[in-house]
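In the working numbering, the protein residues as written are 51 to 288. Using N, Cα and C, we set each Cβ at its ideal position, and we do this for glycine too. As the structure is a computational prediction, the values presented were derived from the model and not from experiment. Since the structure comes first, as structure tokens, the remarks are kept for the end.
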Ligand SMILES: Cc1ncc(COP(=O)(O)O)c(C=O)c1O
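Here it is, written out as structure tokens:
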């Protein structure tokens with residue numbers, strides 16, 4: 051049996067040797083075992099910001115211990131306990147579990163082959179007064195759908211009009227098969243509503259617990275404040 055649900059590389063495809071020598075070098079660097087900046091090492095923050103889109107810089111990025119930690123930080127920062135969170139239906143069970151563990155109420159919004167239905171998203175915002183929408187625009191888990199080009203702008207506009215954030219879980223950006231891949235939503239976000247998650251675990255190893263939260267504007271400060279109380283910072287050698 052080949053399990054497709056995780057999306058991590060088969061062990062035979064993991065770059066174990068490269069990871070091992072990189073980690074060995076990192077661990078021997080001067081200051082490797084000192085505390086890093088709370089937001090993460092600046093060069094790594096810059097790298098993630100560049101991946102996310104033009105005009106984004108290290109100041110827009112917060113390094114987290116994997117995508118799941120990023121998701122938890124975003125949920126804590128953006129959704130109050132008891133409040134609703136719009137999610138695509140179906141969606142990643144780990145996101146539902148994280149929401150429920152924080153007392154957040156996931157509200158399903160139907161999807162089709164082109165991703166979430168924009169008309170139903172608008173209705174769901176109106177019906178629930180939700181202030182956040184968890185979304186996987188690229189290679190959605192579990193459907194594999196890619197959000198249609200014409201819906202990208204629509205869902206950002208709808209979320210903006212609802213006064214809500216979009217939590218963009220870009221977990222599979224590096225898992226394409228060589229064809230053209232749509233830019234992250236945050237790259238084309240004129241409103242500053244997208245909080246973007248990019249994790250390095252899927253194309254490397256589940257044990258490379260490194261991801262980033264990328265956002266524009268004052269929400270960055272809220273994300274940072276939550277991360278400091280929940281996990282302090284990510285191990286510097288990693
Ligand atoms: C859609 C999605 N988001 C986030 C994660 C979390 O991955 P990680 O914490 O390894 O970055 C997973 C893992 O399966 C996933 O499928």
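Beta bridge pairing from DSSP links residue 158 with 137. In this chain, the beta strand (DSSP E) harbouring residue 112 covers 111–114. Pairing residue 219 with residue 121 gives a Cβ-Cβ distance under 8 angstroms. When distances are taken from the beta-carbon of residue 194 to the heavy atoms of ligand 1, even the shortest one reaches 7 angstroms or more. Under the three-state reduction of DSSP output, residue 284 falls in the coil class, being neither helix nor strand. Between the C-alpha atoms of residue 268 and residue 129 there is a straight-line separation of about 15 angstroms. A straight-line Cα-Cα distance of about 21 angstroms links residue 264 and residue 212. When distances are taken from the beta-carbon of residue 186 to the heavy atoms of ligand 1, the shortest one is below 7 angstroms.
A distance below 8 angstroms separates the beta carbons of residue 175 and residue 136.
The straight-line gap separating the alpha-carbon atoms of residue 223 and residue 251 is approximately 11 angstroms.
Membership of residue 246 in the beta strand (DSSP E) is indicated by the continuous run 244–249. Taking all protein chains in view, the Cβ of residue 206 is crowded by 16 or more other Cβ atoms within 10 Å, so the residue is classified as buried. Only residues of its own chain outside the window of five on either side were considered, and among them 259, 281 and 284 have a CB closer than 7 angstroms to the CB of residue 115, listed in chain order. Residues of the same chain with their beta carbon placed closer than 7 angstroms to that of residue 87 are lacking, with the five preceding and five following residues left out of the count. Judged by DSSP in its simplified three-state form, residue 231 adopts coil rather than helix or strand. The Cβ neighbour count for residue 51, taken over all protein chains shown within 10 Å, is under 16; the residue is labelled exposed. A Cβ-Cβ distance of about 14 angstroms is found for the pair residue 157 and residue 125, leaving them out of contact under the 8 angstroms criterion. Residue 192 is classed as exposed because its beta carbon has fewer than 16 other beta carbons within 10 Å across all chains shown.
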